[in-house]
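Only one structure is covered here, and it is reproduced in the block below.
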Amino acid sequence: MDNRDVYWQRIRSFFLVFDAPLSILLFLIMSTGIVTMYSAGLDFPGRLEHHMRNIVIAFFVMWIVANIPPQTLMRFAVPLYTVGVALLIAVAMFGLVKKGARRWLNVGVVVQPSEILKIALPLMLAWYFQKREGSLRWKDFGIATVILAIPAGLIAKQPDLGTTILVFVAGFSVIFFAGLSWRLLGGLFVLALASLPLVWKFLLHDYQRHRVEIMFDPTVDALGKGFHIIQSMIAVGSGGLTGKGWQNGTQSHLEFIPEHTTDFISAVYLEEFGFIGALFLVSLYFLFVVRGLMISANAPTLFSRLMAGAVTMIYFTYAFVNMGMVVGILPVVGVPLPFMSFGGTAMVTLGMGAGILMSVQHHRKLMKS
């Protein structure tokens with residue numbers, strides 16, 4: 001074998017990291033997002049080009065992470081979590097305030113540290129349970145809860161309910177997959193229900209309580225906060241079976257739907273492609289989650305299994321919460337639709353998550369060969 005063949009084999013090995021089923025699903029979701037963004041961004045010059053740029057960056061990040069073995073990723077768990085929590089503390093002390101929320105930090109460039117914890121928290125918890133494998137005790141689940149509660153509490157204080165939910169789900173998924181008993185899970189569920197009145201009265205901000213009230217009856221503030229939900233539901237309902245057709249949605253192009261290139265892009269899609277389009281998109285996300293759980297179930301180590309499972313649940317939560325708030329069954333919390341909504345930070349984070357799934361699957365195959 002000459003040098004050219006050796007170089008070719010090395011280059012080829014870098015691109016064999018992509019899991020075929022996951023890659024096909026990602027391609028279909030991103031393509032659907034590009035088509036929808038073209039229509040939704042007609043009134044925003046350059047929005048589609050920026051969205052394409054974000055996709056390219058996310059793909060590059062995904063490729064880099066997919067080439068990193070899970071054992072190497074595990075080494076980043078503690079430092080990444082520590083840096084993330086430190087930045088959240090810095091945000092609480094002297095972060096930038098926009099629209100009444102203190103979520104950003106200027107470190108030469110403006111960053112949102114809470115995004116780091118979507119990956120850093122499950123990474124940290126997976127590392128912790130890997131270290132405790134074979135000797136898990138109740139106190140270990142207690143320590144894991146503290147590891148989860150610190151960043152979740154700091155993010156909730158900003159306030160940022162949407163990111164708090166995503167970070168909490170990512171962390172709790174690791175704890176659950178690590179072996180949390182159904183009996184204890186049932187007890188926690190009962191405790192959570194019992195504490196709802198306290199959460200409602202003391203932990204939620206006025207605007208957050210208002211959002212929940214609006215979810216149950218948007219007409220109580222039909223010309224205020226409820227207006228956007230009403231218009232979103234009108235857009236979804238008017239799509240009918242087959243939709244109004246690409247670029248023919250009226251609610252978005254007449255500016256009735258707010259943030260229709262970001263949080264409410266699914267309303268644009270559902271208006272233009274209807275119920276059949278909804279079945280197609282939901283099926284893509286469902287298959288993506290199923291594939292992620294299959295990768296998790298077949299992972300060779302506890303760390304990779306927990307990490308892959310948590311990342312998969314992040315995608316499920318993103319899609320479920322976004323579509324739920326658009327159709328009015330969940331309060332509006334500002335969660336983007338994976339790989340479809342405009343937004344660079346979220347796109348890169350999601351690309352990193354996909355890279356983790358592909359890394360787990362690829363290096364499992366290498367271990368078997």
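Quick note on numbering: the sequence shown equals residues 1 to 369 in my numbering. Where a beta carbon is used, it is the ideal one built from N, C-alpha and C, also for glycine.
| Item | Value |
| --- | --- |
| Can you say whether Met313 is buried or exposed, counting buried as having 16 or more other CB atoms within 10 angstroms of its CB? | buried |
| Based on DSSP bridge pairs, tell me the residues matched to Asn106. | Val110 |
| Where does Leu96 sit, in a helix, a strand or coil, going by DSSP? | strand |
| Using 10 angstroms around the beta-carbon of Gln71, count the other beta-carbons present and answer buried if the total reaches 16, otherwise exposed. | exposed |
| Helix, strand or coil: which one does DSSP assign to Ala101? | strand |
| Pick out whichever of Gly274, Tyr318, Leu357, Phe273 has its Cα sitting closest to the Cα of Asn298. | Leu357 |
| One question on the structure: do Val333 and Leu161 come within less than 8 Å of each other, judged by their Cβ atoms? | yes |
| Give the straight-line distance between the Cα atoms of Gln339 and Ile34, rounded to the nearest whole angstrom. | Here residue 339 is Phe; the residue named in the question, Gln, does not match the sequence. Computed Cα separation, rounded: 9 Å. |
| Should Thr82 be labelled buried (16 or more other beta-carbon atoms within 10 Å of its own) or exposed? | exposed |
| Between Leu96, Arg137, Leu254, which lies nearest to Val109 when the distance is taken from Cα to Cα? | Leu96 |
| For Ala354 and Ala66, what's the separation of their Cα atoms in angstroms? | 8 Å |
| Take the Cβ of Ile329 as the centre, count every other Cβ of all protein chains shown within 10 Å, and call the residue buried at 16 or more, exposed below. | exposed |
| How far does the alpha helix (DSSP H) with Ser238 in it reach, from first residue to last? | 225-238 |
| On the DSSP letters alone, give me the boundaries of the alpha helix (DSSP H) that Thr163 sits inside. | 161-177 |
| Are the beta-carbon atoms of Gly239 and Gly274 separated by less than 8 Å? | yes |
| Looking only at its chain, what residues have a beta carbon closer than 6 Å to the beta carbon of Val212, apart from the 5 residues adjacent to it on each side? | Pro331 |
| Relative to the C-alpha of Leu42, which candidate in Leu25, Trp246, Ile234 has its C-alpha closest? | Trp246 |
| Per DSSP, what kind of secondary structure is Gln158 in: helix, strand or coil? | coil |
| Return the Cβ separation of Ala308 and Val360 in integer angstroms, given the expectation that the two are a contact with Cβ distance under 8 Å. | 5 Å |
| Between the region 18-28 and the region 284-299, do three or more beta carbon pairs fall short of 8 Å? | yes |
| State yes or no: is the C-beta of His50 nearer than 7 Å to some heavy atom of the ligand COA? | Within the structure as shown, the ligand COA is missing, as the structure has no ligands at all. |
| What residue from Phe172, Leu154, Phe316, Met352 has the CA that sits closest to Ile143's CA? | Phe172 |
| If you reduce the DSSP assignment to three classes, tell me which class Ala299 lands in. | coil |
| Cβ of Gln361 less than 8 Å from any chain C Cβ? | This model lacks chain C altogether; it includes just one protein chain. |
| May I have the straight-line CA-CA distance separating Lys225 from Arg137, to the nearest angstrom? | 47 Å |
| Go ahead and label Trp182 buried or exposed: buried means 16 or more other beta carbons lie within 10 angstroms of its beta carbon, across all protein chains shown. | exposed |
| How should Val107 be labelled, buried or exposed, when 16 other C-beta atoms within 10 angstroms of its C-beta is the threshold for buried? | exposed |
| Would you identify the three-state DSSP class for Ala222, choosing helix, strand or coil? | coil |
| Just to confirm my understanding: we take His260, look at its own chain, exclude 5 residues before and 5 after, and list those with CB closer than 6 Å. What are they? | Ala40, Ser252, Val268 |
| On the DSSP letters alone, give me the boundaries of the alpha helix (DSSP H) that His253 sits inside. | 250-253 |
| Quick check: the Cα distance between Leu148 and Ala101, rounded to an integer number of angstroms? | 22 Å |
| Do Glu271 and Val236 come within 8 Å of each other at the CB atom, strictly closer than that value? | yes |
| Looking at Gly343: is its Cβ nearer than 8 Å to the Cβ of Thr262? | yes |
| Name the two residues that bound the continuous alpha helix (DSSP H) containing Gly33. | 20-40 |
| Between Thr345 and Thr32, what straight-line distance do the alpha-carbon atoms span, to the nearest angstrom? | 20 Å |
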